[in-house]
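Counting from 1, position 297 in the sequence shown corresponds to residue 292 in our numbering; the numbering is continuous, with no gaps.
Idealized CB from N, CA, C, for every residue including glycine.
Here is the structure we will look at.
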Amino acid sequence: MARRNNAGGGGASLDSLLDTMTNVVGILVIMLVVTQLGVSDAVKRIKGFVDEITPDQLASAQSESERLKEMLAELKIDLEEAETDTADERVDLKDSQKLIEELKKDLAALKNISVDPNAIQKDVDKHQDQVAKLEKQINERQSKLASLKARLAKTPARGPDPEGKIVNLPDPRPAPKGASSVTFVCQGNRLMPLDSSKLREDTIELIGKAQRSLMKNNKIDCDKLVELFDRRAVTDTFFRVKMKIVGGLPYMVFEHRENRGDPLDNISKSTSVFQRRLRKIDPRKQYLRFLVWSDSYEAYLAAREVAAEKGFAAGWVPYEEGAEYREGLGSKVKLTCPGYKPPKPQPKSDKPAPPTDTID
């Protein structure tokens, strides 16, 4: 662009500025045109690329994207498992190191232990001898057992023992309602009736007659009471009454008089004391109560057989040999020894008391 001729000094400066601005504006216009052309070309190229993508290519790309996402998720899971396994391996490593230390200690302790092979061999030989002895005993017993089995197989079977007795198993149950008991004692393999009521009456009568001689400080002296019954007997045909102090209270002890009552062979006879007494008893109103000592089971079984034939209900109470049978003086006599303190009453139990009178 040609410069203008300067008309003056101030006009020359203004023309120069205008020329410069014109040049700059021209350059900017050129750059804008070039830029516009570049952007338009880029848009055309991108549009052409998009127009070239088919639906199949797009679906394939989406499928590949999903597959890559799944692979990424699996890799994350593998990473977490690897981290867990690494932690477990660290724990196992610590346990292994601890076990190694313990084994080292055990090994050090074993080094200090001296082993004597000869002593071990002696123990082995000793046990082998014991095993051999046991095997020998087992073989001997097996041979003996086989011999006994062979003898048993050759032995003819035997029938029931002709001298054996059939015994009914006891079946305890309450005595008939309203029935009273009649007591019999089986002791010394003999059988005799016990009339404790009559003997109690005679005992109380004797105490009343001797009351003055028994008094000490206005109370009955129990030692003198025992001495009284040692000197003056209260008896019937079959028993003698002794006095015994138990827990500060006097009790009658019934002692069987020697050779009194029915012997075993006489029980089944109609003339026996037992059967004569049964003829005076009504089986509908009374039942039999047997006190049986351990030396008199045969007499008891014979008596039960007769009682069953006569239609009597019966029950029994066992006693060991040497045991004593005693009864109190009854509610009519309030007699305690000096210094006796009655025990504290026990709390009542909700459990019902067992029946005192039973039959089987």
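Query	Result
Evaluate residue 98 with the Cβ neighbour count: other Cβ atoms within 10 Å of its Cβ, from every protein chain shown; 16 or more gives buried, anything less gives exposed.	exposed
DSSP state of residue 267, grouped into three classes?	coil
Could you check if residue 23 is buried or exposed, using at least 16 other CB atoms within 10 Å of its CB as the buried criterion?	exposed
Output the boundary residues of the alpha helix (DSSP H) element that contains residue 295.	292 to 305
Would you mind giving the Cβ-Cβ distance between residue 182 and residue 288, rounded to the nearest angstrom? I have them listed as a contact below 8 Å.	4 Å
May I ask you to report which of helix, strand or coil DSSP gives residue 324?	coil
Roughly how many whole angstroms lie between the Cα atoms of residue 123 and residue 142?	29 Å
Between which residues of its own chain and residue 177 is the CB-CB distance below 8 Å, once the five residues before and five after are set aside?	188, 272, 276, 281, 282, 283, 284
With residue 259 as the anchor, note down where its beta strand (DSSP E) starts and where it stops.	Run containing residue 259: none; DSSP gives neither H nor E here.
What residues in its chain sit with their C-beta under 7 Å from that of residue 240, if we drop five residues either side in the sequence?	217, 221, 332
Give me the DSSP bridge partner(s) of residue 188.	179
Below 8 Å CB to CB, which residues in the same chain sit around residue 325 once its five sequence neighbours on both sides are set aside?	195, 199
Please return the same chain residues whose Cβ sits closer than 8 Å to the Cβ of residue 358, not counting the five positions on each side in sequence.	Given that the chain is displayed from residue -4 to residue 355, the structure contains no residue 358 and the question cannot be resolved.
Please report the distance separating the alpha-carbon of residue 380 from that of residue 58.	Outside the modelled stretch of the chain, which goes from -4 to 355, sits residue 380, for which no answer is possible.
Can residue 253 and residue 237 be called in contact, C-beta distance under 8 Å?	no
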